[in-house]
Amino acid sequence: DGRTVLRGSYGLFYDRPFDNLWLSMEANSFVLGAYNAINTNYLAPLSSYLPTLQASPNQRLNVPNVVLYQPRLRNGYAQNFFLGVQHQVNSALSLEVNGTSSLGRDLITTDIVNRALAPGAFSKGTLNPNLPPIDYRSNQGDSDYLAISGVVRYRSSRLSTQLSYTLSHSIDNQTDPLAGDFFDFVFTGGRNDAGQPIAGTLIDQLLQGGIPSPVASFTRQFDSRGDRANSDFDQRHNLVGYATYRVPEFAQSTHFVSVFRGWQISGMGAVRSGFPYSVFAPSVSGGLIYNNRANLIGDPYTNTSAKGGVQVLNAAAFQIPAAGQVGNTGRNAFRGPGLASADVSLSRSFGLKWLGEAGRIFVRADVFNLLNHANLNNPSAMLTTTAVSQRTFGVATYGRQDAVTGFPSTTPLDESPRRIQLMLRLVF
Numbered sequence: 128d129g130r131t132v133l134r135g136s137y138g139l140f141y142d143r144p145f146d147n148l149w150l151s152m153e154a155n156s157f158v159l160g161a162y163n164a165i166n167t168n169y170l171a172p173l174s175s176y177l178p179t180l181q182a183s184p185n186q187r188l189n190v191p192n193v194v195l196y197q198p199r200l201r202n203g204y205a206q207n208f209f210l211g212v213q214h215q216v217n218s219a220l221s222l223e224v225n226g227t228s229s230l231g232r233d234l235i236t237t238d239i240v241n242r243a244l245a246p247g248a249f250s251k252g253t254l255n256p257n258l259p260p261i262d263y264r265s266n267q268g269d270s271d272y273l274a275i276s277g278v279v280r281y282r283s284s285r286l287s288t289q290l291s292y293t294l295s296h297s298i299d300n301q302t303d304p305l306a307g308d309f310f311d312f313v314f315t316g317g318r319n320d321a322g323q324p325i326a327g328t329l330i331d332q333l334l335q336g337g338i339p340s341p342v343a344s345f346t347r348q349f350d351s352r353g354d355r356a357n358s359d360f361d362q363r364h365n366l367v368g369y370a371t372y373r374v375p376e377f378a379q380s381t382h383f384v385s386v387f388r389g390w391q392i393s394g395m396g397a398v399r400s401g402f403p404y405s406v407f408a409p410s411v412s413g414g415l416i417y418n419n420r421a422n423l424i425g426d427p428y429t430n431t432s433a434k435g436g437v438q439v440l441n442a443a444a445f446q447i448p449a450a451g452q453v454g455n456t457g458r459n460a461f462r463g464p465g466l467a468s469a470d471v472s473l474s475r476s477f478g479l480k481w482l483g484e485a486g487r488i489f490v491r492a493d494v495f496n497l498l499n500h501a502n503l504n505n506p507s508a509m510l511t512t513t514a515v516s517q518r519t520f521g522v523a524t525y526g527r528q529d530a531v532t533g534f535p536s537t538t539p540l541d542e543s544p545r546r547i548q549l550m551l552r553l554v555f
């Protein structure tokens with residue numbers, strides 16, 4: 128009957144590596160090392176006394192991480208699939224159902240290799256004791272995304288509205304191969320169990336019991352399958368709607384009625400499920416395990432008021448794993464609080480004869496976060512033994528932040544309270 132359309136597509140897309148972010152800064156250290164060469168035969172070949180060189184004991188070097196690339200590193204790629212059907216019920220109403228999938232393969236990941244082979248053996252039990260832990264970039268990443276969505280559209284002479292819902296699931300074994308890198312600026316926030324800042328690289332922080340943001344690495348070296356779980360951005364449910372309504376004009380043309388002529392009201396609202404997160408625990412394995420997760424020994428959930436937010440996790444339900452053991456909770460095994468937002472806009476245009484036929488003035492008022500609703504962040508999920516950290520563990524604070532870095536500031540990207548914006552535009 129000409130009212131139904133079936134659409135389908137397939138695409139193969141390759142990603143371009145951006146190694147300038149990984150290599151340029153790390154290969155140019157502005158800190159120069161000082162070495163002592165004592166009682167050395169200067170006529171001998173350089174290679175004969177290199178093993179005897181000792182770093183100056185008075186100098187603390189903060190050397191960039193050593194980076195190793197997989198031979199013949201390839202471009203990651205994704206296969207995208209789409210299948211959808213749209214039906215026009217009548218001149219004003221249409222329905223649409225779509226299925227989408229994306230399979231990422233050979234994605235670039237980072238693993239930290241040359242770790243200790245046993246707890247407490249970091250200095251002597253590595254594969255190569257002459258080298259520090261190494262950032263290994265390789266094609267070990269894979270991801271699967273599957274989604275089904277439904278859309279309802281209605282359009283009339285004065286009202287235009289749409290309501291859409293998406294149910295999706297994304298799985299991968301590493302979401303961000305640069306997590307903990309220089310450009311994440313995590314060096315501004317590394318702290319030890321006592322809550323004191325830790326100087327040095329991420330490796331230094333981890334070895335001193337620090338709990339910085341998760342670093343790009345598999346939990347166990349060379350185990351790319353052990354961290355396969357929900358993606359960091361896996362948001363299962365998305366319900367979004369918007370509407371635009373044009374106020375009708377009255378038949379009578381009086382000065383009072385003309386005030387209400389030509390106004391347009393628009394609104395948009397969204398309800399979304401939260402993002403997944405992991406409950407991390409301090410690593411007491413001397414560099415054997417990275418991004419270690421806590422053991423779950425009881426009911427993890429609670430819902431009580433806390434300073435600045437809501438207590439959503441029960442600290443008594445978690446414990447720090449034994450040395451050399453990975454916690455029994457999976458990566459991104461917990462789901463954060465849901466999100467809701469509503470915005471509204473009121474606008475009108477006026478004709479200005481003295482500017483010609485095309486002359487108009489537009490007036491608009493936008494209200495963001497109409498209900499002044501504060502969404503919750505994911506809770507603090509770093510399990511420690513200090514009293515200060517125990518008081519903040521599991522607390523989801525108000526004021527959603529979409530990105531967390533030390534610098535530059537992400538304040539413009541953060542959630543804000545109700546905000547009203549006025550606009551006046553002249554067209555001629």
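In the numbering used here, the protein residues as written are 128 to 555. Beta carbons are placed, not taken as given, at the ideal position from N, Cα and C, and that holds for glycine.
Query	Result
Exposure label - Val342; buried when at least 16 CB within 10 Å	buried
Proximal residues to Arg491 (C-beta, below 6 Å), its chain only, five neighbours per side dropped	Ser474, Met550
C-alpha gap between Ala629 and Ile261, whole angstroms	Summary: the structure shown does not reach residue 629, with the chain confined to residues 128 through 555, and so no result is reported for it.
Contact set for Arg458: own chain, Cβ-Cβ below 6 Å, skip 5 residues either direction	Asp354, Ala356, Ser405
Secondary structure, beta strand (DSSP E): runs of 3+ residues fully inside the segment 403-457	428-433, 436-440
Residue burial classification, Phe489 (beta-carbon count within 10 angstroms, cutoff 16)	exposed
Cross-strand partners of Asp82 (DSSP beta bridge)	Outside the shown range of the chain, which is 128 to 555, sits residue 82, and nothing can be said about it.
Residues of its chain near Ser543, where Cβ-Cβ distance is below 6 Å and the 5 sequence neighbours each way are ignored	none
CA nearest to the CA of Ile447, picked from Leu423, Leu139, Lys434	Leu423
Whole-angstrom C-beta distance between Thr511 and Val409, which should lie under 8 Å	Sequence check: residue 409 is Pro here, not Val. Confirmed, Cβ separation roughly 6 Å.
Helix, strand or coil at Arg546 [DSSP, three-state]	strand
DSSP state of Thr519 mapped onto helix, strand, coil	helix
Which of helix, strand or coil DSSP assigns to Leu482	helix
Buried/exposed call for Gly425, threshold 16 Cβ in 10 Å	exposed
For Ile235, the nearest candidate out of Ala205, Ala243, Pro259 (CA to CA)	Ala205
Contacting residues, own chain, Cβ-Cβ under 6 Å from Phe555 (five flanking each side not counted)	Leu482, Gly486
DSSP-derived helix/strand/coil call for Asn266	strand
Span of the beta strand (DSSP E) around Leu497	Careful: Leu497 lies outside any beta strand (DSSP E) and carries neither H nor E.
Three-state class that DSSP yields for Phe555 in the structure shown	coil
Inter-residue Cα distance where the pair is Asn419 and Val240	15 Å
Counted within 10 angstroms of its Cβ, other Cβ atoms place Asn504 as buried (16 or more) or exposed	buried
Rounded C-alpha distance that separates Tyr272 from Pro403	15 Å
Among Gly394, Gly465, Phe349, Gln452, the one whose alpha carbon lies nearest that of His364	Gly465
Cβ neighbour criterion (16 or more within 10 Å) applied to Pro566	The requested residue 566 is not part of the displayed model; the chain covers only 128 to 555.
Reduced DSSP category for Ala460 - H, G, I as helix; E, B as strand; rest coil	coil
Under the three-state DSSP convention, the category Ser507 falls into	coil
Near the ligand SAM: Arg491 beta-carbon under 7 Å from a heavy atom	You won't find the ligand SAM in this model; it holds no ligand whatsoever.
Straight-line gap, Asp269 to Gly211 (C-alpha atoms, nearest Å)	25 Å
Cβ neighbour criterion (16 or more within 10 Å) applied to Gln301	buried
Nearest candidate by alpha-carbon position, reference Asn455, set Thr429, Asp303, Phe407	Phe407
DSSP state of Ala274 mapped onto helix, strand, coil	strand
Cut-off 6 Å between Cβ atoms - residues of its own chain near Leu366, not counting five sequence neighbours on either side	Tyr292, Val398
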